[in-house]
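Here the structure is laid out as structure tokens; the discussion comes afterwards.
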Amino acid sequence: MRVEAVHRDDKHRFSKLSVGEIRLIEGVGVEGDAHAGATVRHRHLVKKDRTAPNLRQVHLISREVLDELAANGYDVAPGELGENVTTVGLDLFELPTGTKLQLGDTAILTVTGLRDPCSQINGLQKGLLKQVLRKSADGTVVRRVGIMSVVTVGGIVRPGDHLTVKLPPEPNEPLELV
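Using our numbering, read the sequence shown as starting at 157 and increasing by one per residue.
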């Protein structure tokens with residue numbers, strides 16, 4: 157398990173720029189990213205309650221999701237779905253809430269929940285929303301556009317850094333929308 161790519165953008169745009177490294181700041185998020193902050197930064201959440209804690213400081217998506225999209229005819233590069241970290245070798249959607257992810261030597265993220273894809277995703281490629289937001293055979297809504305986390309311990313993260321997982325104590329809580 158490793159970090160494939162890292163991204164940030166100082167503006168509220170849909171996609172983020174790939175960079176050589178990101179600095180994670182405890183309780184804040186990615187230094188220089190528009191979504192960094194102790195309180196909510198996502199526009200729709202700010203409208204609801206600008207004093208709410210920011211549970212969406214760092215967005216992660218796996219290379220495997222991008223590969224699934226490619227297999228279905230959608231060419232999506234790392235960072236284009238707005239993630240800060242693209243991972244390899246880990247099924248992020250199987251992690252419970254509260255999982256600790258160590259990226260590189262020092263940075264630790266705590267998983268808070270699922271990202272809910274919005275219709276802006278179709279601006280990237282028409283029909284993409286249906287690929288990442290669909291219903292399973294039993295009618296359950298399946299969201300495949302990454303997970304959200306907060307920075308528990310700061311540090312520098314670079315492409316190629318190792319990624320380790322520490323599950324929270326049982327009973328585990330499944331990922332919900334944040």
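Just so it is clear, CB atoms sit at the ideal spot from N, CA and C, and this is done for glycine as well.
Check	Outcome
Beta-carbon gap between LEU289 and ARG299 smaller than 8 Å	yes
Cβ distance (whole Å) where VAL307 is taken to contact GLU182 below 8 Å	5 Å
Cβ contact check for the segment 230-241 and the segment 161-171: 3 or more pairs under 8 Å	yes
Residues of its chain near GLY193, where Cβ-Cβ distance is below 8 Å and the 5 sequence neighbours each way are ignored	VAL184, GLY185, ASN210, GLN213
LEU180, DSSP secondary structure in three states	strand
Three-way DSSP call (helix, strand, coil) for GLU160 in this model	strand
Sufficient close CB pairs (3 or more, under 8 Å) joining the segment 251-260 to the segment 314-329	yes
VAL301 versus ASP205, LEU323, GLU332, residue with shortest Cα-Cα distance	GLU332
Under the three-state DSSP convention, the category VAL186 falls into	strand
Whether GLU177 touches ARG314 by CB criterion (8 Å)	yes
Selected residue, minimal CA-CA separation from THR249, among VAL202, SER171, ARG179, GLU220	In the sequence on display, residue 249 carries Phe and not Thr. Minimum Cα distance to PHE249 is reached at GLU220.
GLU236 beta carbon less than 8 Å from that of SER171	yes
Member of ARG179, VAL175, HIS198 whose CA lies at the smallest distance from the CA of ARG169	HIS198
DSSP bridge partner residues for VAL244 (one or two, in chain order)	ARG158
Cβ shell of ASN278 (< 8 Å), same chain only, five flanking positions each side left out	LEU284, LEU285
Option nearest GLY254 by Cα separation, candidates VAL244, ALA233, GLY269	GLY269
beta-carbon HIS163 near the ligand COA non-hydrogen atom, thresh 7 Å	By its list of ligands, the structure shown contains no ligand whatsoever, and the ligand COA lies outside what it can speak to.
Opening and closing residue of the beta strand (DSSP E) in which ALA263 lies	263-270
Buried versus exposed call for THR266 [16 or more other C-beta atoms within 10 Å across all chains shown]	buried
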